[in-house]
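Q: The sequence shown begins at 1 in the UniProt record's numbering and counts up one residue at a time.
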Amino acid sequence: MPPLPGSIRYGGLDISTIIDFAVRNARVLDEAGFDAIILENFNDYPFRVRVKETETIASMAIIAREVVRTMTIPVGINLLRNSGPEAVAIAAVTGVSFIRSNAYCESIVSAEGIIEPVSREVLEVMTRLNTKVTVLADIFVKHASPLHRMTVEDVAKDCVERALADALVVTGPRTGEPPDPLLLRRVIKSVNTKVLVGSGINPNNINDYREAHGFIVGTYLKDEEGQIDLAKARNIVNAVKALARP
1 MPPLPGSIRY GGLDISTIID FAVRNARVLD EAGFDAIILE NFNDYPFRVR
51 VKETETIASM AIIAREVVRT MTIPVGINLL RNSGPEAVAI AAVTGVSFIR
101 SNAYCESIVS AEGIIEPVSR EVLEVMTRLN TKVTVLADIF VKHASPLHRM
151 TVEDVAKDCV ERALADALVV TGPRTGEPPD PLLLRRVIKS VNTKVLVGSG
201 INPNNINDYR EAHGFIVGTY LKDEEGQIDL AKARNIVNAV KALARP
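#1: Leaving out the 5 sequence neighbours to the left and right, which residues in its chain are closer than 8 Å to S16 when beta-carbon positions are compared?
#2: For K52, which beta-bridge partners are listed by DSSP?
#3: When you compare only the Cα positions, how much space is there between A231 and F140?
#4: Among P2, D35, L4 and L13, which has the Cα closest to the Cα of V237?
#5: Please classify S119 as buried or exposed, where buried requires at least 16 neighbouring CB atoms within 10 angstroms.
#6: Look at the Cβ atom of A26, then the Cβ atom of M1, and state whether they are nearer than 7 Å.
#7: Quick check: what's the CA-CA separation for E124 versus D229?
#8: With A156 as the anchor, note down where its alpha helix (DSSP H) starts and where it stops.
#9: For G11, count neighbouring C-beta atoms within 10 Å of its own C-beta (all shown protein chains included) and say buried if the count is 16 or more, exposed if not.
#10: Can you give the Cα-Cα distance for T94 and G198, rounded to whole angstroms?
#11: Should the region 65-75 be regarded as contacting the region 86-101, the criterion being three or more beta carbon pairs within less than 8 Å?
#12: Can you tell me whether E161 is buried or exposed? The criterion is at least 16 other CB atoms within 10 Å of its CB, across all chains shown.
#13: Report, in whole angstroms, the separation of the C-beta atoms of I216 and I38, which I expect to be a contact under 8 Å.
#14: Alpha helix (DSSP H) containing S119: first to last residue?
#15: Any beta carbon of chain D sitting closer than 7 Å to that of I38?
#16: Give every residue of the same chain whose Cβ lies closer than 7 Å to the Cβ of D158, excluding the five residues on either side of it in the sequence, and list them in chain order.
#17: Between which residues of its own chain and A87 is the CB-CB distance below 6 Å, once the five residues before and five after are set aside?
#18: Thinking C-beta only, is L136 closer than 7 Å to A167?
#19: Taking 6 Å as the limit between beta carbons, can you name the residues of its chain near V109, skipping five residues before and five after?
#20: When DSSP builds the beta bridges, which residues end up paired with E40?
#21: Pick helix, strand or coil for L134, following the three-state DSSP scheme.
#22: When you compare the CB positions of S7 and D30, do they come within less than 7 Å of one another, or not?
#23: If you count every other CB in all the chains shown that lies within 10 Å of the CB of A244, and 16 or more means buried, which is it?
#24: If you count every other CB in all the chains shown that lies within 10 Å of the CB of E225, and 16 or more means buried, which is it?
#25: Would you identify the three-state DSSP class for N198, choosing helix, strand or coil?
#26: Mind reading off the beta-carbon distance from K142 to T193? Whole number of angstroms is fine, and I expect it under 8 Å.
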């Protein structure tokens, strides 16, 4: 989405215009055959470790509610940089089905500073609101380095067994860059849960990641203005379908 109210780069765009942008692009993904969409405040950089601006949280809630009302597929939220508890609270009151958390179960260092895990807080919000929101948890996430010496297998196991993540996300080092296929396979073999590829997927390389249970696709889909291109969206859907063929 465009920069939201409360972010450094917010330019005064009316919230109704941002809602229209989100709804329009979500509908394109729905029409193309995507299984779900994620709302993300991608253009709110430079990010805080956690969103503190009440106007940003309120804006995301309003946008999420309007998108949920128009969709036939599940809607998720990734509130950057690592505002999982805030995202779960928004989800609980808007009908959003899932969240993505960039540092759910491990401490990392990034351009935003040291980011600590939020799994306990996320689950506390669910308990207080008597709700269940699916959690997609990144491990060894992009634009960051782990502050530990654990193997990716151990992190994956802890994230599922101790932090109770519902699915894991494996990314490349930066936005738009794919992960090492070997790293993905190591994670898949280590846990009995779904593992998604979270960056760098396009129709030309998707076959290298056919073991994955799903794909989060963003960069490939967008035109120069940040709008979702319907033709590209259909291309990636067809590429995923082709993976299932004998």
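Quick reminder that beta carbons are idealized off the backbone N, C-alpha and C, glycines included.
A: So, from the listed chains and residues:
#1: none
#2: Note: K52 is not bridge-paired with any residue in the DSSP secondary-structure output.
#3: 32 Å
#4: D35
#5: buried
#6: No, the pair does not count as a contact, with Cβ atoms beyond the cut-off.
#7: 38 Å
#8: V152 to E161
#9: exposed
#10: 24 Å
#11: A contact exists between the region 65-75 and the region 86-101.
#12: exposed
#13: 7 Å
#14: Looking at the DSSP string, the run of the alpha helix (DSSP H) that includes S119 is S119 to L129.
#15: The chain inventory of the structure shown lacks chain D, comprising one protein chain alone.
#16: C105
#17: I77, L79 and I99
#18: In this structure, L136 lies closer than 7 Å to A167 by Cβ.
#19: S145 and L147
#20: N78
#21: The sequence given here has Thr at residue 134, not Leu. Assigned with DSSP and collapsed to three states, T134 falls in strand.
#22: No, the pair does not count as a contact, with Cβ atoms beyond the cut-off.
#23: So A244 counts as exposed.
#24: Residue environment for E225: exposed (fewer than 16 other C-beta atoms within 10 angstroms of its C-beta).
#25: The sequence given here has Gly at residue 198, not Asn. It is coil, neither helix nor strand.
#26: Between T193 and K142 the Cβ distance is about 20 Å, and since that is not below 8 Å, they are no contact.
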